[in-house]
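Peer 1: Numbering (my numbering), first residue to last: 7 to 393. Glycine residues also receive a C-beta, built at the ideal position from the N, C-alpha and C atoms.
Structure (structure tokens):
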């Protein structure tokens, strides 16, 4: 067995319950993404690095060697990809609509912040606390582009954004290691293979369970298709394919093992969660907007507690407030509408169309009409609030 990083908790219990997974996950803490790291190192010496990479995506033949090697590694599609499954997964994401928005923001992202070592790159960057609305809108655009029909196929926008995100992660990794403040003994390699896998699971299995918590009916095959889509996204993002599941039961087992061993939320977890929940107030400009934003913050807190569980919510400092808004009633309404949609094809088509319009609006409002760019950062923000 490889040396166990200090960040790993509950190892005896994890070995007893997930023995075969531990042997796969422990080495992943010390593996990063060599191809993306080499491309980021080269592009960081180029004044127009972001433009060079964007041009390379449309004309790989003229790319500099380290960038060409990265792009060649994800050219085409792996043999295991099933386009019909990708299409069905896209349908699920679109028809989930606003329910998916709640789950992405108040379950998937929050549970990512709860990981006390995995959250450190974001805590170091300072981006969420300093520009929460834009950061969240960029994440929403990334997820919607990945999940839109054809988004991950060659030429798809989701594939292009995923590659920009991969390069951005490599640059953050370089900057973190260069600061001299990265505690590798405590946190392992920054943005390592284990943490990239964990993020993929937040967008796949964790997202699916959140939809169920808000009343949606997700069949086993449908769930497997959605995990399949995120397997392809993970491959483009540089996650070792041997780590990534293709079916939901395997994804669930991996997620449970990671959650058991990650340790309790820390001060950075609470700061990041607070920044996310308070984002509407940060974006409000007028007294009326601030009043609406305050109501949204209260409702979001209640939804978050429902979606992550009261124990995790307490550890993250999510407020517990009494108000007339009933989360169980809301989930019953969502569930009833979803059951009706399932038996009436015209309603299903309408749900998909409305879901796509919803995500377009989320991104447009969050970015204030600008396009997301996902550039390689030139510096990091403040030091995290906790080790």
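#1: Can you tell me which of the three DSSP states residue 285 falls into?
#2: Return yes when the Cβ of residue 41 is within less than 8 Å of the Cβ of residue 182, no when it is not.
#3: Between the stretch 42-49 and the stretch 158-177, can you find at least three pairs of beta-carbon atoms closer than 8 Å?
#4: Report, in whole angstroms, the separation of the C-beta atoms of residue 113 and residue 314, which I expect to be a contact under 8 Å.
#5: Give the DSSP-derived three-state secondary structure of residue 85 in the structure shown.
#6: Under the rule that 16 or more other beta-carbon atoms within 10 Å means buried, what is residue 7, buried or exposed?
#7: In its own chain, which residues sit with a C-beta less than 8 Å from the C-beta of residue 1, not counting the 5 before and 5 after it?
#8: Would DSSP call residue 100 helix, strand or coil?
#9: Closer than 6 Å by C-beta to residue 123: which residues in its own chain qualify, once you throw out the five before and the five after it? Chain order, please.
#10: How should residue 236 be labelled, buried or exposed, when 16 other C-beta atoms within 10 angstroms of its C-beta is the threshold for buried?
#11: Once you ignore the five residues that flank residue 188 on each side, which residues in its own chain have a CB closer than 7 Å to its CB?
#12: Between the stretch 91-103 and the stretch 346-359, do at least 3 Cβ pairs fall closer than 8 Å?
#13: Taking only the alpha-carbon atoms, compute the straight-line gap between residue 245 and residue 260 and give it to the nearest angstrom.
#14: I'd like to check one pair, residue 288 with residue 396: are the Cβ atoms closer than 8 Å?
#15: Roughly how many whole angstroms lie between the Cα atoms of residue 362 and residue 373?
#16: To the nearest angstrom, report how far apart residue 278 and residue 336 are at their CA atoms.
#17: Taking its Cβ as the centre, do 16 or more other Cβ atoms sit within 10 Å of residue 103, making it buried, or is it exposed?
#18: In whole angstroms, what is the alpha-carbon distance linking residue 1 and residue 295?
#19: Just to confirm, is the Cβ distance from residue 210 to residue 257 under 8 Å?
#20: May I have the straight-line CA-CA distance separating residue 115 from residue 231, to the nearest angstrom?
#21: In its own chain, which residues sit with a C-beta less than 8 Å from the C-beta of residue 342, not counting the 5 before and 5 after it?
#22: Use the C-beta contact count for residue 71: other C-beta atoms within 10 angstroms, 16 or more gives buried, fewer gives exposed.
#23: Between the stretch 301-313 and the stretch 268-283, can you find at least three pairs of beta-carbon atoms closer than 8 Å?
#24: Where residue 299 and residue 52 are concerned, what is the direct C-alpha to C-alpha distance, given to the nearest angstrom?
#25: Classify residue 129 as buried or exposed, calling it buried when 16 or more other Cβ atoms lie within 10 Å of its own Cβ.
#26: Out of curiosity, what's the CA-to-CA distance linking residue 73 and residue 37?
#27: Suppose you measure from the CA of residue 248 to the CA of residue 150; what does that come to, to the nearest Å?
#28: Whose CA, out of 10, 126 and 157, lies closest to the CA of residue 276?
#29: According to DSSP, is residue 65 helix, strand or coil?
#30: From residue 60 to residue 172, what does the alpha carbon distance come to, in whole angstroms?
#31: So residue 309 and residue 200 are supposed to be a Cβ contact under 8 Å. How far apart are they, rounded?
#32: Let me check understanding here. Comparing Cα to Cα, which of 191, 207, 88 and 243 lies closest to residue 80?
#33: Nearest-angstrom Cα distance between residue 251 and residue 307?
#34: State the CB to CB distance for the pair residue 217 and residue 117, rounded to an integer number of angstroms; the pair is presumed to be in contact (CB under 8 Å).
#35: Answer yes or no: do residue 85 and residue 77 have a C-beta to C-beta separation smaller than 8 Å?
#36: Could you check the C-alpha separation between residue 317 and residue 311 for me, to the nearest Å?
Peer 2: In terms of the structure at hand:
#1: helix
#2: no
#3: yes
#4: 6 Å
#5: coil
#6: Note that residue 7 has pLDDT 49, beneath the 50 cutoff, so the model's placement of it is unreliable and no number is given.
#7: With the chain running from 7 to 393 in the structure shown, residue 1 is simply not present.
#8: helix
#9: 13 and 193
#10: buried
#11: 182 and 196
#12: yes
#13: 14 Å
#14: Since the first residue shown for the chain is 7 and the last is 393, residue 396 is missing from the structure and cannot be characterised.
#15: 17 Å
#16: 26 Å
#17: buried
#18: Summary: the structure shown does not reach residue 1, with the chain confined to residues 7 through 393, and so no result is reported for it.
#19: yes
#20: 21 Å
#21: 221
#22: exposed
#23: yes
#24: 42 Å
#25: buried
#26: 20 Å
#27: 25 Å
#28: 126
#29: coil
#30: 13 Å
#31: Actually they are not in contact, since the Cβ atoms of residue 309 and residue 200 sit about 29 Å apart, beyond 8 Å.
#32: 243
#33: 31 Å
#34: Not really, about 14 Å apart at Cβ, beyond 8 Å.
#35: no
#36: 9 Å
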